[in-house]
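Residue numbers (numbering that gives the first Met the number 0), protein chains in the order written: chain D, 0 to 490; chain S, 0 to 490; chain V, 0 to 490; chain L, 0 to 490. Even glycine gets a Cβ: it sits at the ideal position worked out from N, Cα and C. Report on one structure; see the data block that follows.
There are 4 protein chains.
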Amino acid sequence: MQIDRIGDLDFKVADLSLADFGRKEISLAEHEMPGMMALRREYSEVRPLAGARISGSLHMTVQTAVLIETLVDLGADVRWASCNIFSTQDHAAAAVVIGRNGTPENPTGVPVFAWKGETLPEYWWCTDRMLRWPNAADGSVQGPNMLLDDGGDATLLIHKGVQYEKAGVVPALSEEDADYTEEYSVILDLLRASLSDDPQYWTTTSPSIIGVTEETTTGVNRLYQLAAAGELLFPAINVNDSVTKSKFDNKYGIRHSLVDGINRAVDVLIGGKVALVAGYGDVGKGASESLQGQGARVIIAEADPICALQALMDGYEVATVESAVERADLIITTTGNKDIIGVDHMRRMKHQAILGNIGHFDNEIDMAGLARSGASRIEIKPQVDEWRFPDGHTVIVLSEGRLLNLGNATGHPSFVMSASFSNQVIAQIELFTKPDSWDKEVYRLPKSLDEKVARIHVEALGGELTQLTKDQAEYIGVDVEGPFKPEHYRY
Amino acid sequence: MQIDRIGDLDFKVADLSLADFGRKEISLAEHEMPGMMALRREYSEVRPLAGARISGSLHMTVQTAVLIETLVDLGADVRWASCNIFSTQDHAAAAVVIGRNGTPENPTGVPVFAWKGETLPEYWWCTDRMLRWPNAADGSVQGPNMLLDDGGDATLLIHKGVQYEKAGVVPALSEEDADYTEEYSVILDLLRASLSDDPQYWTTTSPSIIGVTEETTTGVNRLYQLAAAGELLFPAINVNDSVTKSKFDNKYGIRHSLVDGINRAVDVLIGGKVALVAGYGDVGKGASESLQGQGARVIIAEADPICALQALMDGYEVATVESAVERADLIITTTGNKDIIGVDHMRRMKHQAILGNIGHFDNEIDMAGLARSGASRIEIKPQVDEWRFPDGHTVIVLSEGRLLNLGNATGHPSFVMSASFSNQVIAQIELFTKPDSWDKEVYRLPKSLDEKVARIHVEALGGELTQLTKDQAEYIGVDVEGPFKPEHYRY
Amino acid sequence: MQIDRIGDLDFKVADLSLADFGRKEISLAEHEMPGMMALRREYSEVRPLAGARISGSLHMTVQTAVLIETLVDLGADVRWASCNIFSTQDHAAAAVVIGRNGTPENPTGVPVFAWKGETLPEYWWCTDRMLRWPNAADGSVQGPNMLLDDGGDATLLIHKGVQYEKAGVVPALSEEDADYTEEYSVILDLLRASLSDDPQYWTTTSPSIIGVTEETTTGVNRLYQLAAAGELLFPAINVNDSVTKSKFDNKYGIRHSLVDGINRAVDVLIGGKVALVAGYGDVGKGASESLQGQGARVIIAEADPICALQALMDGYEVATVESAVERADLIITTTGNKDIIGVDHMRRMKHQAILGNIGHFDNEIDMAGLARSGASRIEIKPQVDEWRFPDGHTVIVLSEGRLLNLGNATGHPSFVMSASFSNQVIAQIELFTKPDSWDKEVYRLPKSLDEKVARIHVEALGGELTQLTKDQAEYIGVDVEGPFKPEHYRY
Amino acid sequence: MQIDRIGDLDFKVADLSLADFGRKEISLAEHEMPGMMALRREYSEVRPLAGARISGSLHMTVQTAVLIETLVDLGADVRWASCNIFSTQDHAAAAVVIGRNGTPENPTGVPVFAWKGETLPEYWWCTDRMLRWPNAADGSVQGPNMLLDDGGDATLLIHKGVQYEKAGVVPALSEEDADYTEEYSVILDLLRASLSDDPQYWTTTSPSIIGVTEETTTGVNRLYQLAAAGELLFPAINVNDSVTKSKFDNKYGIRHSLVDGINRAVDVLIGGKVALVAGYGDVGKGASESLQGQGARVIIAEADPICALQALMDGYEVATVESAVERADLIITTTGNKDIIGVDHMRRMKHQAILGNIGHFDNEIDMAGLARSGASRIEIKPQVDEWRFPDGHTVIVLSEGRLLNLGNATGHPSFVMSASFSNQVIAQIELFTKPDSWDKEVYRLPKSLDEKVARIHVEALGGELTQLTKDQAEYIGVDVEGPFKPEHYRY
């Protein structure tokens, strides 16, 4: 693949001519992202991220454009790739490359490597390019000194790169890794090429990394596993578990974008239908509310008895996928786990049942098994496939089992991303400006910063906050300015 | 404008090459339109509409394609135009022209005159073409013998045509008609040309019309006014007031398509926002539920105290547009009345307030006033305009004040349209097969047919109906097969 | 049974010493009944009901007390009985007897014949007493000249009385009437005694009756059947079908009082439970919303396909009692029909399933069959019985299958009754002041009066109504002051 | 006050003759408390609490009776008092005293000191009696060795007792304690008498206490404050923060019991009303859902911006009490803080506004200020007072500002209490059977026990739990049997 380059700017996007449309939508999004605007106002003079080289792996959407330009306003240099092959909005990517004051001839923006509909090799190529910086002023090879991650693919690539460079060899894809076959072999190929090209690239560049901020449940789980194994190469801030991230993005963002994705994909009346939602975590809760708000009858499949009890109390039926799959018109996976919907389930589904995933990874639905099953695929339109089984019944699969809200719609709306990204930016500042405060562990943001993010967004919505008196604050043992709850409070 | 013609087939659509995509979506829609499929099964041998020449004016969407092909299967000849300049789905129009067994070279479908984004002159040209049939076998001029209307534009054109032919002159646009200026002058121009071309066209062809079936509140109101004035030229069946139409399409269809339209247009988080919904009829009820289901706080403006009391009981605030407009992030009109949102209201709206209409006509929002107001228009994308007032605040207007669910999304979903169109088809059969049973009045369908439509759709959703015993039926004074309620029952 | 009498006032209530408590609750209720207060303000000088002798059969509650005293303020003489053996609130009955300015020694109120927990013979005795007025000034036997009915028992007694007096004999309970055995034999006994005591009582007094106003679906059905058979003895106004009655009392009143009744009866957590609601008319809609609002999962049983489709669209499962009864924790009947839940259903219910009726009559649940079934009854507390089947499982039956919101709680709240009773009072005025305007038919109130009732209650809740401009009113073809909708509009 | 005594059993309840009714309701409650039944089945042979002397301070309701008898079945000796002056259900108290196999002549139950409507001195006398055990076999003075607390009053009395015994004097009520005046002076009087009677009572008995289990937010806050100050006398398990307690009892229990309390108190239609809910923690969330489920429009007052943002996202208005109090028909406090509603607020309320508290303590509403304000009190019925201000407007105060769900209704329903009490029992077992495992700190139960409680209740509701495969469990890094979430997970 060939990098595009105009002047000093290297990048790879679908079509720079979409930049005008992208810029208009970015302008609208800014109004809906009060957290980004507040951080720009607070920090754009101090520029706390001056000197930061941030490599970002996160869906390259209009909202992410506002994040990127906020990081830039705070002083950072930035490179970007998407963290999903379908999630890039090409007009946003183009606008970010051109920049706020640039022109197609003289782009002044940020190097972006992302387009909608990448192949897996292209995806990992983009991730790789986003992590390779132009050489330093002294000519030395240079990587990022900060990572901003969504799902952990940037972190994964660096850790694997270091591991294999230390081993001196990239292994063949073993039998045990069969589950990862398709995607993982792409990574191995890429790292094999890297090892042959520069056997010390990742080991040379990774020590400069001050830390990573990660915003998904899935990515955070990976980080905790690395930390527990003593293999984490740099500190991490778990942005996902800020309340204003996990309980907003995951719940209210999904409430918005699940029906949006379904509607744009298939435009089927949701009212009166039976929807089977696998998982009743925050994503599942938002998904269920979304579907119920449209008049669907929701059945929840859940392994955690506490979440299952919540589902029952919220008025949903709780059943296993096994027992409910034949009754469902819509099946949505939200678990963050794998192998939730298998081909045998699909064989038992209603004719034209709609199947989609809104959990982070694409292994909740067994797409590989479906491809092998003898079912034939009819593409209705991009990201909407009808798979016909030999008995004639069909299943409509959205976004090939990847995040349907990104593949079939535009993902989370700006306001939700404003809260999530405020946590990202604050975490970047925390890590970068206090580089010596952290071990190679996974940290969460202090509650006071979480409340700060909330406060900005409450005010943007016109909510009036109650001010505690000194007396009241003392009575419940808090400061009048907060934080107002103990660490273990569950909201 | 030039008619396209391949072989004997005259038509005018955007792009015939979209027909394959259209056909795929029509196939999916058929599964979601059990009412159409049931009527095909019941009637395709009998062909009760054999001999019918149906001119249809109704949004040319994928669902309408299924309706058209159902009418054809029942024996009818059909010509079609859209009843809204933005509502045509070009792939559906193309597929209908090509037909189920046709090819681009040899289309075997139906003459369609419709494309997305017509100008007003183009719109009325299409309506006119749809009403002009190829000459009869004996060479005589020929119009439709049946009308299928949505909003009443086909009926309007015929009535005006006859009126002016009788007068022998088409009047100039008078002062009193100022409200209708833009659109009405287009109609007058068209009829003036018609009068000069064939001064007896409408009076010659209209007597063959057995009747019209009409499915909107607005169109039905026009019909009742014509009937009350003794000016109705042919019998009419008010399909709108079938319960399975007005209480389903208007309520559940809007619940589906309002958020869909907003999401596709601006993708703004609805949760936490304040939405002002003008009107709490069936459309307003569906709109409110749609917004509340996404977490908005809804305020209702309503003139009818009964509907207002319902809104209060359903948990909404009831306020006037005057008093609530400054608090709203979203303003949606659903009244079927005119002049609901004026420019003075827009001047007082929040920055980037979103303004859209989901009532039938485009006069709920004063778009003409806005154009004259000194506000400047920035097109974000088709059907999404940001209007900037001199003080800098902007208002985002969807679909130029026309039906936003059609302009910004795909309108009602198939399942809802299946119920509405089942009523249309049954009404066409009733009128056409019993031509002598009707005066020049407006009729409603008998409740038994309404219940038949409901039964088909309940069963399609897997609902089990309870069968009354003879004893129970007698006890409540009904037949065991229904109808189950008195005529005045309100559901 | 002995009538109580103090001075000229005859009555029969449980305990006059409860009057003070009753009066306090009546005062609170007056604030919640803005319709009653508005009618008092409007009419208490004109006294349009002066000369009316109103016999009322309607649950003798605190709210009914406000109705009775409104009728008195408008000039009427009134006698009262409850229309349900369990629904009397004894403190309200006592307060009405004592009157607003009376004392226990010198009561100045209204003759009431009602107490909580009447036997069936007592119930019909009360109804009979309420219909027998003190002799006229000239000593002649006298009955009411107006009836106010709820369920139609007053109307029934008069019609049966006249029928048997004409026949000269009261028949034995025949085989065919087996269904009515218990209650109907009580009526026959009472009329047999009446016939022997005064063979012309009903034929003498009934011709003075100007008309009846009736407020239940059940009572109205009886009236339409009588009218259809040409047997209706006097005109009737169907108050039930005022929108502000049937769509408010039946829906929002039930939403309030169903959970209230269940909670007071058994105090079982409704959240997480499965509730089977038989019937999805207005009562069923309110019941379902009530239960869903508490987190239950609701299954609807319904014979009418239109209502069934609404239930599906509202997100409920639709199934038959047969197929759902084993899954339900709560079973509520709302149909207005009979034989909905039989003993075989009860045999299949879960242990400690809760069974109650909120439809008008007590024949929805087969209580007689239960008594014969071999199940044994354990009274937990008044109106809550646990019936134990031979296999050990039990079913908890509320209010012996009679209206549970009245038997286990206090019935509809004041605000709802304010709307219903406003229609009753307006209908009484219409009938009484225009005695020559009516045939022996069933009439509905004009929409303008319905809207008037709504307007009073909207304003009481702080709702702001929109005022149509003259232009807007003309555009939709209505008067600026309403009525705003065509007669057939369904709200 | 005199202790009642029959045989060896000392107690003080309202009326032993209510025991039969109490026993019937306890039997019904057992079916609704699957957690208690499961623990009895699991542990009644092992009797892990044999040797435990448990003093319990917790609302003496039917549900608590099931808890007490579960503790007894697990081997414990138990004494009991209520933790609220209004919350005792006298029939439950009577039944517990009589015991499952006892008779009025020979009661074999548990010493209970509780009745509905205690005065404050009576309340603290009961608490004191519940903490004083019959002398040990060797004649030595004896207290409990385990505490089970709800709100922390038992713990408070012991800590204050020890403090003042160490100081040798009980202080006069100082100026600084003015807030606590009424209640606190009662405690001081009681401890002054205790000091004079036995100057070493509390210091002698308290060292035997192995620990306390506490289930309210308020009580837990006190414990954390004591622990932070190093003053906690014994270990504590914070049962409140088990998910199956705080997120179920506080949320779903309140959803049930708030409308129940309001309905039984005033029976006012909630639909269409404006409700101001102060606080949007778990209790506030449940309260809001409860009111919205009945058709109220809810406004939230909240100091914590995270909770405020949740309220907005859930569709509620967020405003201060100051700005919203004049619009509200219902005002409910849920904060766990003090001085939420002052007399100045009440002065500004609507006529007949309804004011109640559902937070733990009675200092959320300034009842003392109201008494001093010049407003006059009219008791409508027990726990419902109308306070009339000099300008004539009145405010209806429920349960004198104490927990309205307990004062006006029956508190949480059995099923919810089953979850809470399962945590209590498990915590009692954990503390008592591992006495050496704990420091004088506050502990939470391990998540596995929380999930165990959830599992029992999911199964009781018929929910089917999904079983993770070994592969899936490994993939997300958990054991197949759970726990399934990290400690910080918020549900």
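Measure how close the beta-carbons of residue i and residue j come, nearest whole angstrom, since I'm counting them as under 8 Å.
i	j	result
Glu429/S	Ile236/S	7 Å
Ala286/V	Ala300/V	Their Cβ separation, rounded to whole angstroms, is 12 Å, which puts Ala286/V and Ala300/V out of contact at 8 Å.
Pro412/S	Glu450/S	About 22 Å; that fails the 8 Å criterion.
Ala307/S	Leu448/V	That belief does not hold up - the Cβ atoms of Ala307/S and Leu448/V are roughly 16 Å apart, past 8 Å.
Leu27/D	Gln351/S	7 Å
Going by C-alpha to C-alpha distance, which of the options sits closest to residue i?
i	options	result
Ile186/S	Pro434/S, Tyr163/S, Lys446/S	Tyr163/S
Leu403/V	Leu329/V, Gln471/V, Pro110/V, Lys469/V	Leu329/V
Glu182/L	Gly21/L, Pro412/L, Asn83/L, Ile25/L	Asn83/L
Asn336/L	Phe360/L, Val415/L, Tyr122/L	Phe360/L
Val320/V	Gly108/V, Gly294/V, Ser241/V, Met348/V	Met348/V
Arg52/V	Met145/V, Tyr488/V, Ile157/V	Met145/V
Arg263/D	Gly355/D, Ala426/D, Gly142/D, Ser436/D	Gly355/D
Arg441/L	Phe233/L, Thr107/L, Ala64/L	Note on identity: in this sequence residue 441/L is Val, with Arg being the wrong assignment. Per the Cα distances, Phe233/L.
Ile339/D	Ile475/L, Arg131/L, Ser245/L	Ile475/L
Ala408/S	Ser205/S, Thr393/S, Thr87/S, Glu68/S	Thr87/S
Val169/D	Asp196/D, Gly150/D, Asp152/D, Gly292/D	Asp196/D
Arg191/S	Thr203/S, His255/S, Ala166/S, Pro206/S	Ala166/S
Leu8/L	Arg78/L, Asp152/L, Arg443/L	Arg78/L
Gln199/V	Gln141/V, Thr154/V, Phe247/V	Gln141/V
Ile364/V	Glu31/V, Arg376/V, Gly400/V	Gly400/V
Just reading off the beta strand (DSSP E) that residue i is part of, what are its end residues?
i	result
Thr332/V	329-332
Lys380/D	375-380
Met366/V	Met366/V -> not in any beta strand (DSSP E); alpha helix (DSSP H) instead, spanning 366-371.
According to the neighbour-count rule (16 or more other Cβ atoms, all chains shown, within 10 Å of its Cβ), is residue i buried or exposed?
i	result
Thr468/V	exposed
Arg4/D	exposed
Glu538/L	Nothing about residue 538/L can be read from this structure; chain L reaches only from 0 to 490.
Val110/D	Here residue 110/D is Pro; the residue named in the question, Val, does not match the sequence. By the 10 Å Cβ count, Pro110/D comes out buried.
Val45/D	exposed
Can you tell me where the alpha helix (DSSP H) with residue i in it begins and where it stops?
i	result
Gly74/L	Looking at the DSSP string, Gly74/L is not in any alpha helix (DSSP H), and its letter there is neither H nor E.
What does DSSP give as the partner residue(s) for residue i in the beta ladder?
i	result
Phe112/S	Lys11/S, Ala80/S
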